[in-house]
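Mapping of the sequence shown onto our numbering: position 306 corresponds to residue 327, and the numbering continues sequentially without gaps.
The beta carbon of each residue, even a glycine, is placed where N, CA and C say it ideally should be.
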Amino acid sequence: MSLRVKMVVAIGAILLLVILVYALVAVQGQVQHLRNLARREAELIAAIAARATVRAMTDGKSDEVQALLEKISEGEADLVAIRIINDQGLILRSGQPEEIGKTLAAVALAAVPKTLWDYEAQSVAVFRPIHNGPACYACHSNEQPVLGFLNAAVSFPNITSEVTRNVGSIVLPALLALLTAGVLIALYFAFAIGRRIDDLSEAMSRVQSGDLESKAPEENRDELGQLGKSFNAMVSRLAKAKRQIEDRHAEEVRRAENLASLGKMAAGVAHEINNPLAGMQNCVRTLAKKAGDDAQRKQYLTMLQEGLERIGRTVRQLLDFAREARPKIEETDLVVLVRRSLALLEHELVARKISFSLTMDSGLPPVLGDSQQLEQVFLNTLMNAVEAMPDGGAITISVGLSERRAGRFAEARVRDTGTGIPAHHLPQIFDPFFTTKEVGKGTGLGLSVSYGIVKAHGGSIDVESEIGKGSTFTVVLPVTAGSGNDAAAPYPS
């Protein structure tokens with residue numbers, strides 16, 4: 022059973038209970054009211070009959086009292102009995118002549134006037150004293166304070182039908198209106214609150230499916246609004262934690278690709294170190310065998326110095342590339358980054374018989390970014406081009422300004438004459454771990470890492486390729502603000 026149905030049922034049950042209690046109280050009130058009316062009717066009849074009796078007796082017309090009582094009895098449909106009795110309960114006069122001379126059941130007349138209820142017979146009887154007075158002394162002793170009692174009994178057999186009629190005409194419409202209003206209120210609260218609960222539930226479902234940008238409604242300042250606010254705060258913390266985990270993972274992936282790149286460059290680095298070492302060893306052996314003249318010695322020492330500088334430069338480049346440092350955002354020369362990347366891969370290019378050319382625009386403004394990360398982008402892109410040409414080929418690199426709609430951007434194009442990329446692979450080319458190379462010959466991380474770095478720098482990287490003709494990777498980065506008439510803005514992806 023849904024919460025909405027439970028609310029309607031609960032409120033309906035409470036209203037039904039209230040209605041039943043109200044109806045019971047109303048019926049009891051109606052019954053008491055009608056009984057009071059019957060009692061007042063009996064008292065009124067008794068009072069009228071008592072006055073008429075006293076008047077007739079003081080006028081010397083005591084024989085008319087019986088006729089008067091009979092007339093009153095005939096004129097009142099609800100009148101059960103009207104009598105004059107003495108203090109012993111003996112019926113002296115009665116609206117029903119056959120009762121005269123009989124004695125009523127034991128009735129304590131000391132506490133008159135009094136009212137007696139007979140619920141079994143559904144009647145009420147009142148007793149009123151007939152007091153002695155000077156006008157009565159002619160026939161009665163003045164020592165007798167009460168001459169007798171007038172008893173009037175009225176039935177109320179129609180109370181049930183009267184109550185039913187009153188309830189049907191007054192109470193039931195009121196109860197129906199109350200019930201209708203209650204049901205409407207219950208439905209309003211059920212659907213109004215139910216709708217908000219549904220919205221909250223939908224937001225939770227979206228979050229459960231991975232949409233951490235989903236928000237629950239929190240416009241109302243009540244418990245549900247507070248719940249939505251707390252839920253949104255929790256989701257915000259989850260989203261922040263997710264971003265931190267993704268950033269940490271991306272950094273670990275970048276480092277893994279960095280290490281993979283280092284492994285691929287090992288042969289080139291070894292060559293860069295071995296070549297000057299071989300020359301230096303020859304110089305040392307020559308110097309050791311013969312002293313030679315000063316000019317020759319100076320030449321050998323100069324060659325040794327150049328070899329050491331070349332080794333030192335190679336080692337520094339390798340260390341700079343491998344160093345794990347925090348991103349350092351600064352103005353960076355794009356051409357320098359490309360040249361450094363080419364220098365690291367120079368031996369690999371020569372070994373694979375790959376020629377390369379570099380063209381650049383003059384006065385190219387710097388870009389703002391981390392030089393180490395951007396160097397890794399170009400190194401990954403160049404290595405991807407090298408591996409696409411196992412039988413040799415050519416790499417053409419052009420660096421210049423690319424006017425874009427959102428501002429001024431520097432653009433580096435790396436074009437190879439390799440095998441090309443199938444069209445159906447292009448949408449996945451920047452996905453993590455996606456590779457078209459044989460198992461063990463590629464991590465599938467290089468281009469993905471490069472894509473993440475370029476996007477983080479507010480730029481873009483895309484690819485054009487044709488099977489058998491090669492591929493062109495274009496890296497677009499915003500130039501620094503103030504380097505032209507327009508400040509650079511992030512390139513829209």
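Identify the continuous beta strand (DSSP E) that holds residue i and give its terminal residues.
| i | result |
| --- | --- |
| residue 350 | 350-353 |
| residue 487 | 481-487 |
| residue 399 | Run containing residue 399: none in the beta strand (DSSP E); it sits in the alpha helix (DSSP H), 392-408. |
| residue 112 | 112-115 |
| residue 151 | 144-152 |
| residue 101 | 100-106 |
| residue 413 | Segment: none, residue 413 is in no beta strand (DSSP E) and carries neither H nor E. |
| residue 168 | 167-176 |
| residue 469 | Element bounds for residue 469: not the beta strand (DSSP E) but the alpha helix (DSSP H), 467-477. |
| residue 496 | 491-499 |
Could you tell me the alpha carbon to alpha carbon distance between residue i and residue j, rounded to whole angstroms?
| i | j | result |
| --- | --- | --- |
| residue 258 | residue 251 | 11 Å |
| residue 86 | residue 57 | 28 Å |
| residue 321 | residue 298 | 13 Å |
| residue 495 | residue 483 | 6 Å |
| residue 516 | residue 354 | The requested residue 516 does not occur in the structure, where the chain is confined to residues 22 to 514. |
| residue 121 | residue 53 | 33 Å |
| residue 166 | residue 155 | 11 Å |
| residue 414 | residue 451 | 24 Å |
| residue 314 | residue 389 | 53 Å |
| residue 426 | residue 432 | With a pLDDT of 48 at residue 426, under the threshold of 50, the modelled position of that residue is not reliable, and no figure is offered here. |
| residue 412 | residue 500 | 37 Å |
| residue 103 | residue 43 | 38 Å |
| residue 350 | residue 302 | 42 Å |
| residue 435 | residue 422 | 15 Å |
| residue 112 | residue 118 | 10 Å |
| residue 36 | residue 136 | 40 Å |
If you follow the alpha helix (DSSP H) that residue i is in, where does it begin and where does it stop?
| i | result |
| --- | --- |
| residue 385 | Per DSSP, residue 385 belongs to no alpha helix (DSSP H) and is neither H nor E. |
| residue 90 | 85-96 |
| residue 367 | 367-372 |
So, under 8 Å CB-CB, residue i and residue j are touching, yes? Tell me the CB distance rounded to an integer number of Å.
| i | j | result |
| --- | --- | --- |
| residue 60 | residue 147 | 7 Å |
| residue 330 | residue 362 | Between residue 362 and residue 330 the Cβ distance is about 20 Å, and since that is not below 8 Å, they are no contact. |
| residue 106 | residue 177 | Rounded, the Cβ-Cβ distance is 22 Å, inconsistent with contact. |
| residue 439 | residue 406 | 7 Å |
| residue 153 | residue 163 | 7 Å |
| residue 99 | residue 64 | Incorrect: roughly 13 Å between the Cβ atoms, too far for contact. |
| residue 480 | residue 497 | 5 Å |
| residue 356 | residue 420 | 5 Å |
| residue 471 | residue 418 | Rounded, the Cβ-Cβ distance is 15 Å, inconsistent with contact. |
From this set, the options, which residue's C-alpha is nearest residue i's C-alpha?
| i | options | result |
| --- | --- | --- |
| residue 216 | 232, 245 and 231 | 245 |
| residue 444 | 177, 204, 492 and 71 | 492 |
| residue 96 | 410, 70, 370 and 381 | 70 |
| residue 145 | 110, 117 and 101 | 101 |
| residue 485 | 73, 316 and 449 | 449 |
| residue 94 | 175, 49 and 112 | 175 |
| residue 224 | 256, 41 and 197 | 256 |
| residue 115 | 381, 435 and 84 | 84 |
| residue 442 | 488, 378 and 401 | 488 |
| residue 90 | 110, 79, 66 and 410 | 66 |
| residue 264 | 227, 276 and 233 | 233 |
Using a Cβ-Cβ distance under 7 Å, would residue i count as near chain D?
| i | result |
| --- | --- |
| residue 410 | The structure shown contains no chain D; it holds only a single protein chain. |
Check: Curious, which full-length beta strand (DSSP E) runs of at least 3 residues does the region 33-86 contain?
Finding: none
Margin query: Runs of 3 residues minimum, wholly inside the region 210-244: which ones carry the beta strand (DSSP E) assignment?
Written below: none
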